[in-house]
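In the order they appear, the protein sequences are chains A and B.
The opening position of the first sequence corresponds to residue 107 in my numbering, with each subsequent residue numbered one higher.
The opening position of the second sequence corresponds to residue 23 in my numbering, with each subsequent residue numbered one higher.
Cβ coordinates follow ideal geometry from the N, Cα and C atoms, glycine included.
As the structure is a prediction and not an experimental result, all values here were calculated from the model.
Notes for the one structure printed next.
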Amino acid sequence: MNTDLSERIHERAYSETIVDTDFHLQLSPDEVMPYVTDDLVRKKAEDGGWPGYSDQWEIGYAVESRNAVEYHGKATTADEIATVRRQFGLDYVIAVPGSSFFSLPSARYRVMKNALVRAYNEYVLDQVVDADRGIYATLLLPQWDPEACLDELDRFASEPGFCGAQGFYGPHTLLGGDQFDDVLSGLADHDLPLALHPGGTGQQFNDDRGERGSFLEGMIVEWPHYAMANVCQFVFSGVFDEYPDFGLVIQEAGTYWVPLVAHRSDELYINYPGEIELYPRMFEAGRRKLERMPSEYVFDNVYASTQPVALSDREMEVESMLTSCRATETFMFSTDFPHQTIDTPDWLYERKSLSAADRERILSGNALDVFDFRNT
Amino acid sequence: MTVHTVGAVGEFEQGRGHEVQVDGVEIALFNLESGWYAVSNRCPHKNAPLHLAGSEPLVFDQPASHRGDVDAAERTIACPWHALEFDLETGENDRTGKCVATFDVFVEDGTVKIDL
């Protein structure tokens with residue numbers, strides 16, 4: 107155990123098991139270029155760059171930092187991740203794509219994007235995953251191309267270092283639709299959960315009236331909005347009836363949406379049950395109702411990574427939030443390293459309402475149950 | 023109030039924060055061109071150690087921006103975790119009203135003293 111506690115994380119974090127479910131690899135596309143195998147794609151990228159942001163909001167205007175997305179550093183290899191892991195008392199790290207990859211769902215040039223995803227996954231397998239040191243990663247899926255998703259699953263899903271799959275929620279296609287049936291089936295066959303992170307940043311927050319005045323407002327509203335849209339589609343289109351053990355992990359949308367979706371879904375399903383019969387998946391299977399109430403799927407199959415945990419100053423309100431979210435069943439701790447909005451595990455140690463057993467579920471138990479931490 | 027000696031002036035490099043413990047209280051001590059300042063070493067936002075204001079990122083492959091800041095001219099520090107800025111004299115963040123405790127600190131006979 108590293109005895110340098112200069113980060114001053116709560117000392118008990120170093121003796122309890124913690125899984126970080128949102129640790130970003132701040133790789134630039136150029137850094138995965140050595141893993142691109144197609145000569146034409148390489149030349150296009152060298153000549154014209156990679157598809158990326160367009161109309162992006164500038165996070166640098168939001169915070170007085172020269173580099174908010176690499177504020178705490180840049181750990182892109184197993185050794186670098188291990189260094190940070192020791193500092194923060196983490197036992198398992200699930201490495202996920204960094205900000206250079208967030209906007210791919212909204213970007214153009216499918217061939218280029220698919221090649222970039224393949225190169226990213228190859229890089230991760232080569233440079234990042236190290237089960238002996240608790241370093242795993244999500245397998246990035248080219249969600250704009252379901253056939254290409256199947257190719258990535260064929261190539262990588264059996265590799266022990268990939269503990270789950272990765273997609274993005276945002277102003278683009280939801281991931282529970284019937285066009286993803288084979289992908290969802292593949293994930294279920296490999297027992298891999300699907301983690302969804304905010305993406306498509308360039309086109310987010312640009313509503314029809316163009317009235318979003320700030321990146322701040324967009325993050326507050328749009329991220330939970332698109333996260334909830336995906337969760338609702340998974341619930342009402344019958345994904346969890348088809349795959350009862352499927353895990354859906356929502357990253358960085360916060361926590362307060364959990365009871366909203368759960369209970370509002372129940373209420374409206376009771377009022378309008380016939381709607382779900384028209385989902386293609388339900389229609390083709392001849393299903394006229396869900397097997398369970400919507401809230402059961404939300405609390406049994408859906409998880410929320412906790413960062414950014416936005417806690418009230420009033421402890422009773424924090425306790426209320428944890429209870430209504432059924433936090434011990436749904437929360438998975440995350441840091442969001444290395445972004446400037448980082449969380450440490452300390453907020454869990456400050457809660458009188460959380461028992462040691464409760465804390466264990468959030469810090470590691472739920473993630474250990476859902477993600478596939480295979481050893482090599 | 024009790025005055026505590028925390029060390030010799032020479033022990034505290036100028037321009038950065040230092041963590042000191044005074045009678046069980048964790049304090050961030052800053053030796054700046056504009057003077058000496060002492061604040062509680064826990065950011066009121068999410069408990070970041072404020073003595074690390076202006077420190078280097080945890081891992082980097084080239085000199086990068088630092089985490090938070092120490093501004094001697096403005097007499098402010100910015101939190102190393104989330105960049106929340108505090109006035110070293112008042113302890114206040116003027117945007118959110120969040121405050122960090124401040125302590126009187128002075129130099130006497132070459133030693134640094136904090137009044138707790």
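Quiz prompt | Cβ-Cβ separation, Arg-38 (chain B) to Gly-90 (chain B) (assumed contact under 8 angstroms), whole Å | solution = Locating residue 90 (chain B) in the second sequence gives position 68, where the first residue counts as 1. Locating residue 38 (chain B) in the second sequence gives position 16, where the first residue counts as 1. Going by Cβ atoms, the distance from Gly-90 (chain B) to Arg-38 (chain B) rounds to 11 angstroms, so no, they are not a contact pair.
Quiz item: Taking the alpha carbon of His-296 (chain A) as the point to measure from, which residue in A:Cys-338, A:Glu-328, A:His-303, A:Leu-256 has its own alpha carbon closest?
Solution: Counting from one through the first sequence, the residue named residue 296 (chain A) turns up at place 190. Closest by alpha carbon: A:Leu-256.
Practice problem: Determine, using beta carbons only, whether Arg-114 (chain A) comes closer than 7 angstroms to chain B. | Solution: If you number the first sequence from 1, residue 114 (chain A) lands on position 8. Chain B, which has a Cβ nearer than 7 angstroms to the Cβ of Arg-114 (chain A), makes this yes.
Quiz prompt | Distance, Asp-197 (chain A) Cα to Thr-123 (chain A) Cα | solution = Start at 1 with the first residue of the first sequence, and residue 123 (chain A) comes out as number 17. Start at 1 with the first residue of the first sequence, and residue 197 (chain A) comes out as number 91. Their backbone Cα atoms lie some 6 angstroms apart in a straight line.
Quiz item: Does Pro-66 (chain B) get closer than 7 angstroms to chain A when you measure Cβ to Cβ?
Solution: The sequence position of residue 66 (chain B) within the second sequence is 44, counting from 1. Under the Cβ criterion of 7 angstroms, Pro-66 (chain B) is not counted among the residues facing chain A.
Exercise. Compute the Euclidean distance between the alpha carbons of Glu-328 (chain A) and Glu-111 (chain B), then round it to the nearest angstrom.
Key: As a working mapping, residue 328 (chain A) is identified with position 222 in the first sequence. As a working mapping, residue 111 (chain B) is identified with position 89 in the second sequence. Between Glu-328 (chain A) and Glu-111 (chain B), the C-alpha separation is close to 39 angstroms.
Quiz prompt | Minimum Cβ-Cβ distance from Gly-360 (chain A) to chain B less than 7 angstroms | solution = Position 254 of the first sequence holds residue 360 (chain A). For Gly-360 (chain A), the answer is no, since every Cβ of chain B falls outside 7 angstroms of its Cβ.
Quiz prompt | Any C-beta of chain B under 7 angstroms from that of Thr-189 (chain A) | solution = Within the first sequence, residue 189 (chain A) is the residue found at index 83, counting from 1. Yes - at least one Cβ of chain B is within 7 angstroms of the one on Thr-189 (chain A).
Quiz prompt | Reduced DSSP category for Ile-376 (chain A) - H, G, I as helix; E, B as strand; rest coil | solution = On the first sequence, residue 376 (chain A) is found 270 positions in, with the first residue counted as 1. Helix at Ile-376 (chain A).
Quiz prompt | Cβ separation of Ile-356 (chain A) and Val-337 (chain A), assumed to be a contact under 8 angstroms, to the nearest whole Å | solution = Here residue 356 (chain A) corresponds to residue number 250 of the first sequence, with the count starting at 1. Here residue 337 (chain A) corresponds to residue number 231 of the first sequence, with the count starting at 1. Between Val-337 (chain A) and Ile-356 (chain A) the Cβ distance is about 7 angstroms, and since that is below 8 angstroms, they are a contact.
Quiz item: If we call anything under 7 angstroms between Cβ atoms a contact, is Val-61 (chain B) one with Val-122 (chain B)?
Solution: Within the second sequence, the letter at position 39 stands for residue 61 (chain B). Within the second sequence, the letter at position 100 stands for residue 122 (chain B). When the beta-carbon positions are compared, Val-61 (chain B) and Val-122 (chain B) come within less than 7 angstroms of each other.
Quiz item: Using a Cβ-Cβ cut-off of 7 angstroms (strictly less than) and excluding sequence neighbours within five positions of Glu-253 (chain A), which residues of its own chain qualify?
Solution: Along the first sequence, one-based indexing puts residue 253 (chain A) at 147. Around Glu-253 (chain A), the same chain offers no residue with a beta carbon nearer than 7 angstroms, after the five sequence neighbours per side are excluded.
Exercise. Let me know if Leu-131 (chain A) comes out buried or exposed under the rule of 16 or more other beta-carbons within 10 Å of its beta-carbon.
Key: As a position in the first sequence, residue 131 (chain A) is number 25, starting the count at 1. Buried, since its Cβ has 16 or more Cβ neighbours within 10 Å.
Exercise. Pick out whichever of A:Ser-418, A:Ser-205, A:Gly-155 has its Cα sitting closest to the Cα of Asp-442 (chain A).
Key: Indexing the first sequence from 1 puts residue 442 (chain A) at position 336. Answer by Cα proximity: A:Ser-205.
Practice problem: Since I believe Gly-276 (chain A) is in contact with Pro-211 (chain A) (beta carbons under 8 angstroms), could you give me their beta-carbon distance rounded to a whole number of angstroms? | Solution: Locating residue 211 (chain A) in the first sequence gives position 105, where the first residue counts as 1. Locating residue 276 (chain A) in the first sequence gives position 170, where the first residue counts as 1. Between Gly-276 (chain A) and Pro-211 (chain A) the Cβ distance is about 6 angstroms, and since that is below 8 angstroms, they are a contact.
Quiz item: If you draw a straight line from the alpha carbon of Gln-446 (chain A) to that of Asn-173 (chain A), how long is it in whole angstroms?
Solution: Counted from its first residue, the first sequence places residue 446 (chain A) at position 340. Counted from its first residue, the first sequence places residue 173 (chain A) at position 67. One C-alpha to the other measures close to 8 angstroms.
Exercise. Alpha carbon to alpha carbon, how far is Leu-133 (chain A) from Ala-105 (chain B)? Give it in angstroms, no decimals.
Key: The count along the second sequence starts at 1 and reaches residue 105 (chain B) at position 83. The count along the first sequence starts at 1 and reaches residue 133 (chain A) at position 27. The alpha-carbon of Ala-105 (chain B) is positioned some 23 angstroms away from that of Leu-133 (chain A).
Exercise. From the DSSP output, in three-state form, read off Gly-58 (chain B) for me.
Key: The sequence position of residue 58 (chain B) within the second sequence is 36, counting from 1. Reading the sequence as shown, one finds Trp at residue 58 (chain B) and not Gly. The answer is strand: DSSP assigns Trp-58 (chain B) an E or B state.
Quiz prompt | Between the CA atoms of Ala-201 (chain A) and Asn-481 (chain A) - distance to the nearest angstrom | solution = Locating residue 481 (chain A) in the first sequence gives position 375, counting from the first residue. Locating residue 201 (chain A) in the first sequence gives position 95, counting from the first residue. Answer to the nearest angstrom: the Cα atoms are 16 angstroms apart.
Self-check item: Contact set between Arg-38 (chain B) and chain A, taken where Cβ atoms lie within less than 9 angstroms
Solution: Reading the second sequence from its first residue, position 16 is the one you call residue 38 (chain B). Within chain A, no C-beta atom comes less than 9 angstroms from the C-beta of Arg-38 (chain B); the nearest is roughly 13 angstroms away.
Quiz item: Once you ignore the five residues that flank His-369 (chain A) on each side, which residues in its own chain have a CB closer than 7 angstroms to its CB?
Solution: Taking the first residue of the first sequence as 1, we reach residue 369 (chain A) at position 263. These residues qualify, in order along the chain: Ser-401.
Practice problem: Would you kindly work out how many angstroms separate the C-alpha atoms of Ser-411 (chain A) and Ala-333 (chain A), rounded to a whole number? | Solution: For the purposes of this step, residue 411 (chain A) is taken as residue 305 along the first sequence, with counting starting at 1. For the purposes of this step, residue 333 (chain A) is taken as residue 227 along the first sequence, with counting starting at 1. Per the coordinates, the alpha-carbon of Ser-411 (chain A) lies some 12 angstroms from the alpha-carbon of Ala-333 (chain A).
Practice problem: Check whether the Cβ of Asp-464 (chain A) lies closer than 7 angstroms to any Cβ atom in chain B. | Solution: The residue labelled residue 464 (chain A) in the question sits at position 358 within the first sequence. Answer no: the Cβ-Cβ gap between Asp-464 (chain A) and chain B never drops below 7 angstroms.
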